[in-house]
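Only one structure is covered here, and it is reproduced in the block below.
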Amino acid sequence: LPRRHPDGTRAPPLVLHSFPTLEALRAASEDDLRALGLGYRAKFVANTCTQLLAAGGDAHLLALRAVDDPVAVQEALTLLPGVGRKVADCVALFSLDQTDAIPVDTHVHQIAVRDYDRSLADDTVKSLTPTIYKRVGDVFRSRFPRYAGWAHSLLFVAELPSFRGVLPHDILEEMDQWKKLEKEKKKQSKKQPSPPKKSPPKKKMMCLLAVCTVGIVPVLVVTDSFGGTWAQSFFGIFF
4 LPRRHPDGTR
14 APPLVLHSFP
24 TLEALRAASE
34 DDLRALGLGY
44 RAKFVANTCT
54 QLLAAGGDAH
64 LLALRAVDDP
74 VAVQEALTLL
84 PGVGRKVADC
94 VALFSLDQTD
104 AIPVDTHVHQ
114 IAVRDYDRSL
124 ADDTVKSLTP
134 TIYKRVGDVF
144 RSRFPRYAGW
154 AHSLLFVAEL
164 PSFRGVLPHD
174 ILEEMDQWKK
184 LEKEKKKQSK
194 KQPSPPKKSP
204 PKKKMMCLLA
214 VCTVGIVPVL
224 VVTDSFGGTW
234 AQSFFGIFF
């Protein structure tokens with residue numbers, strides 16, 4: 004594509020490349036992919052390519068478009084190396100016609116809590132468990148049937164600073180008030196003292212198992228409550 008600098012002079016053309024096919028990716032080794040900057044993902048890409056080709060290649064992925072269940076599509080995609088729930092739902096929504104797929108992260112979780120279901124705000128849970136992930140998705144699916152994924156995307160974009168100018172004033176006030184409450188909540192939680200740490204149980208000698216003889220040397224065998232066992236010769240004890 005031709006380009007120009009801000010002053011109007013010609014700039015080097017922008018070269019765009021099509022996404023490589025599975026067959027092209029198969030020809031690249033893990034080291035080749037690392038050299039391109041993929042880092043730890045190189046192994047996942049190489050293994051996913053192999054797995055997809057074994058499953059039928061493009062036809063396997065395209066067949067998922069006909070599946071009328073976003074959860075089933077998510078489960079099928081998470082079988083691929085390195086693909087988690089959110090990435091699977093992004094692929095399902097944006098590429099596989101699964102308009103009810105909901106990619107959930109902490110921001111989407113907060114939107115669901117703030118606007119639709121306060122019971123999702125569980126302070127005892129520090130990460131998005133599979134149960135909470137599904138509950139958040141179900142909240143959007145019940146409120147926006149058939150197009151929940153696109154509704155989710157609009158709500159997610161509305162949180163970006165660049166879109167504040169197009170949002171109604173009352174919505175902005177509600178969002179800002181929620182952010183203040185969340186900050187205050189986190190501040191208060193930090194002030195609470197941490198529960199005291201439990202000291203590990205002390206080892207106690209439980210019993211004398213046996214006195215046996217190794218060769219001509221009598222040996223005392225002792226065990227403790229943790230299953231540890233020691234052998235001490237009588238000569239070591241008394242001399």
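Per this note's numbering, residue 4 is the first one in the sequence shown, and the count goes up by one each step. The beta carbon of each residue, even a glycine, is placed where N, CA and C say it ideally should be.
Does residue i come out as helix, strand or coil in the three-state DSSP assignment?
i, result
"residue 149", "coil"
"residue 91", "helix"
"residue 14", "strand"
"residue 233", "Caution is warranted here: a pLDDT of 39 is assigned to residue 233, below 50, making its placement in the model unreliable, and no coordinate value can be reported."
Can you give me the C-alpha to C-alpha distance between residue i and residue j, rounded to a whole angstrom?
i, j, result
"residue 173", "residue 89", "31 Å"
"residue 29", "residue 66", "21 Å"
"residue 80", "residue 119", "28 Å"
"residue 83", "residue 31", "18 Å"
"residue 43", "residue 50", "12 Å"
"residue 41", "residue 16", "25 Å"
"residue 193", "residue 178", "23 Å"
"residue 156", "residue 13", "38 Å"
Can you tell which of the options has the C-alpha that lies nearest to the C-alpha of residue i?
i, options, result
"residue 73", "98, 59, 51, 49", "98"
"residue 87", "159, 156, 47", "47"
"residue 103", "85, 58, 153, 69", "153"
"residue 24", "107, 64, 123", "64"
"residue 158", "18, 149, 170", "170"
"residue 105", "147, 34, 53, 161", "147"
"residue 108", "187, 132, 7, 175", "132"
"residue 175", "185, 162, 187", "162"
"residue 188", "144, 166, 6, 125", "125"
"residue 71", "7, 27, 168, 100", "100"
"residue 92", "58, 151, 160, 45", "151"
"residue 19", "26, 6, 122", "6"
"residue 26", "52, 166, 10, 78", "52"
Counting C-beta neighbours from all protein chains within 10 Å, is the total for residue i 16 or more, i.e. buried, or is it exposed?
i, result
"residue 180", "exposed"
"residue 94", "buried"
"residue 111", "buried"
"residue 4", "exposed"
"residue 76", "buried"
"residue 149", "exposed"
"residue 68", "exposed"
"residue 121", "exposed"
Notebook entry, point to check: Between the region 104-118 and the region 131-144, do three or more beta carbon pairs fall short of 8 Å?
Noted result: yes
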